[in-house]
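Engineer: To start, I am sharing the structure in question, which I have written as structure tokens.
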Amino acid sequence: MITSENTHPSEHTNVPAFGYELIREILIPSLLGKETSAILYWAGKDLARKYPLNSFDEMIDFFEKAGWGYLTIKDESKNELQVELTSPLISERLRKKEISTFQLEAGFLAQQVEAQKNVVAEAYEHPKRRAKKVVFTIKWDNKDTIE
103 MITSENTHPS EHTNVPAFGY ELIREILIPS LLGKETSAIL YWAGKDLARK YPLNSFDEMI
163 DFFEKAGWGY LTIKDESKNE LQVELTSPLI SERLRKKEIS TFQLEAGFLA QQVEAQKNVV
223 AEAYEHPKRR AKKVVFTIKW DNKDTIE
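According to this note's numbering, the sequence shown is numbered sequentially starting from 103.
As structure tokens, then:
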């Protein structure tokens, strides 16, 4: 007899890094082709709408639970936020791959900031290969509010 316990993995189930990277870095780009970055950005925004978070601390927790890495604020101004994302997977990805996209995370960050600040926001990724991390710049205009 199959129970719901057998069909729904626990929140604490670990996914092997190889499996995660196989899907993210090989399968998805193979399916999406040159549109990979744009579609992943949109998908990140869609995920953020499905998982609305109320604070940056909640975003930090979400990133860790999703296996995306460790998120920290590096700088914040009136209409811009700089955050840094690090993890062993990111370090390895940046070391091994010539081109790697972090648009899923960028879209997620943009949408969370947009919802939390009630303004239109955009996020830009800046992979730092030597430093083995990704820096994101999230920008918004306080005059460009969401109605």
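Even glycine gets a Cβ: it sits at the ideal position worked out from N, Cα and C.
All of these numbers come straight from a predicted model, not from anything done at the bench.
For residue 166, does the three-state DSSP call read helix, strand or coil?
Structural biologist: Here residue 166 refers to the residue found at position 64 of the sequence shown. Of the three classes helix, strand and coil, the one that applies to residue 166 here is helix, per DSSP.
Engineer: Apply the 10 Å Cβ neighbour rule to residue 232 and answer buried if 16 or more other Cβ atoms are within range, or exposed otherwise.
Structural biologist: One-based indexing of the sequence shown puts residue 232 at position 130. Result: exposed.
Engineer: Am I right that residue 237 and residue 194 are in contact with their C-beta atoms under 8 Å? What's the rounded C-beta distance?
Structural biologist: Within the sequence shown, numbered from 1, the residue matching residue 237 stands at position 135. Within the sequence shown, numbered from 1, the residue matching residue 194 stands at position 92. Wrong, their Cβ atoms sit about 18 Å apart, outside the cutoff.
Engineer: Based on DSSP bridge pairs, tell me the residues matched to residue 177.
Structural biologist: Here residue 177 is taken as the residue at index 75 of the sequence shown, counted from 1. 184, per the DSSP bridge assignment.
Engineer: Our contact map puts residue 227 next to residue 204 with C-beta atoms below 8 Å; I'd like the distance itself, whole angstroms only.
Structural biologist: Taking the first residue of the sequence shown as position 1, residue 227 is located at position 125. Taking the first residue of the sequence shown as position 1, residue 204 is located at position 102. The pair is a contact, with the Cβ atoms about 4 Å apart (cut-off 8 Å).
Engineer: With residue 130 and residue 183 assumed to form a contact (beta carbons below 8 Å), what rounded beta-carbon distance in angstroms separates them?
Structural biologist: Within the sequence shown, numbered from 1, the residue matching residue 130 stands at position 28. Within the sequence shown, numbered from 1, the residue matching residue 183 stands at position 81. That belief does not hold up - the Cβ atoms of residue 130 and residue 183 are roughly 27 Å apart, past 8 Å.
Engineer: Could you tell me which uninterrupted beta strand (DSSP E) segments, each at least 3 residues in length, are contained entirely in the region 213 to 249, listed from first to last along the chain?
Structural biologist: Runs found: 221 to 230 and 235 to 247.
Engineer: Could you tell me how far apart the beta carbons of residue 191 and residue 119 are, in whole angstroms, since I believe they sit closer than 8 Å?
Structural biologist: As a position in the sequence shown, residue 191 is number 89, starting the count at 1. As a position in the sequence shown, residue 119 is number 17, starting the count at 1. Right, the Cβ-Cβ distance comes to about 6 Å (below 8 Å), so this counts as a contact.
Engineer: Between the Cα of residue 122 and the Cα atoms of 156, 153, 168 and 157, which residue gives the shortest distance?
Structural biologist: Position 20 of the sequence shown holds residue 122. The shortest C-alpha separation from residue 122 is found at 168.
Engineer: Quick check on this structure: which residue in 235, 245, 174 and 128 has the alpha carbon closest to the alpha carbon of residue 219?
Structural biologist: Walking along the sequence shown from the start, residue 219 turns up at place 117. Minimum Cα distance to residue 219 is reached at 245.
Engineer: Roughly how many angstroms lie between the CA atoms of residue 138 and residue 179, to the nearest whole one?
Structural biologist: As a working mapping, residue 138 is identified with position 36 in the sequence shown. As a working mapping, residue 179 is identified with position 77 in the sequence shown. About 31 Å.
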